[in-house]
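Asker: First the structure, then my questions, so here it is.
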Amino acid sequence: MMETDTPIYVNNTQGENVESYIYIGQIYSTRDKNQDKEIQRRITAGWTAFARHRDIFKGNVGACLKRQIYNSYVLSTMTYGAETWALAIRAKNKLAAAQTVMEKSMLNIIYRDRKTNTWVRENTKVTDAIEQVRRRK
1 MMETDTPIYV
11 NNTQGENVES
21 YIYIGQIYST
31 RDKNQDKEIQ
41 RRITAGWTAF
51 ARHRDIFKGN
61 VGACLKRQIY
71 NSYVLSTMTY
81 GAETWALAIR
91 AKNKLAAAQT
101 VMEKSMLNII
111 YRDRKTNTWV
121 RENTKVTDAI
131 EQVRRRK
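Just so it is clear: in the sequence shown, position 43 is 43 by full-length UniProt numbering, and no numbers are missing.
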């Protein structure tokens with residue numbers, strides 16, 4: 001695609017030239033071809049969704065309810081638009097790391113507890129974000 005500086009007019013108003021824009025919930029960039037910004041944006045949206053339900057995730061609520069809310073709300077927010085992603089290893093690692101930190105927070109685990117990621121996943125039983133992305137393709 002060739003770059004052009006030709007102005008675009010709509011109703012005698014010149015359109016603004018931008019490097020990226022959000023359309024239907026996804027960020028599109030005219031310069032960057034990788035999707036790091038979009039994936040980081042989705043991770044941030046996932047953290048926002050997680051924070052909205054912090055009282056449930058941090059409270060004395062059953063693991064089943066926590067898992068259901070996480071899978072239906074937080075995970076779907078994080079993986080929205082994943083059908084169009086071409087995940088690189090770095091992006092997969094970012095998604096996995098964010099999910100692991102959220103899961104540890106759900107179990108009220110701190111770093112000093114020295115629990116493995118496998119142990120955490122066995123106890124939360126949430127859907128893996130990377131598997132969710134693969135299924136959506």
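Note that the Cβ used here is the ideal one computed from N, Cα and C, for glycine as well.
#1: Would you mind listing the beta strand (DSSP E) stretches within the segment 20 to 76 that are 3+ residues and don't spill past its ends, in chain order?
#2: Measuring alpha carbon to alpha carbon, tell me which residue in Met-102, Ala-91 and Gln-132 is nearest Gly-34.
#3: Looking at C-beta atoms only, is the number of pairs between the segment 113 to 129 and the segment 60 to 71 that lie closer than 8 angstroms three or more?
#4: Name the residue from Val-18, Arg-67, Ile-89 and Glu-38 whose alpha carbon lies nearest to the alpha carbon of Tyr-80.
#5: Buried or exposed for Ala-51, going by 16 or more other Cβ atoms inside 10 Å?
#6: What do you reckon, are the CB atoms on Thr-127 and Leu-75 nearer than 8 angstroms?
Answerer: The answer reads as follows:
#1: Correct list: 20 to 23 and 26 to 29.
#2: Reading the sequence as shown, one finds Asn at residue 34 and not Gly. Looking at the Cα atoms, Ala-91 is the closest of the given residues.
#3: yes
#4: Glu-38
#5: The residue is exposed, with fewer than 16 neighbouring Cβ atoms inside 10 Å.
#6: yes
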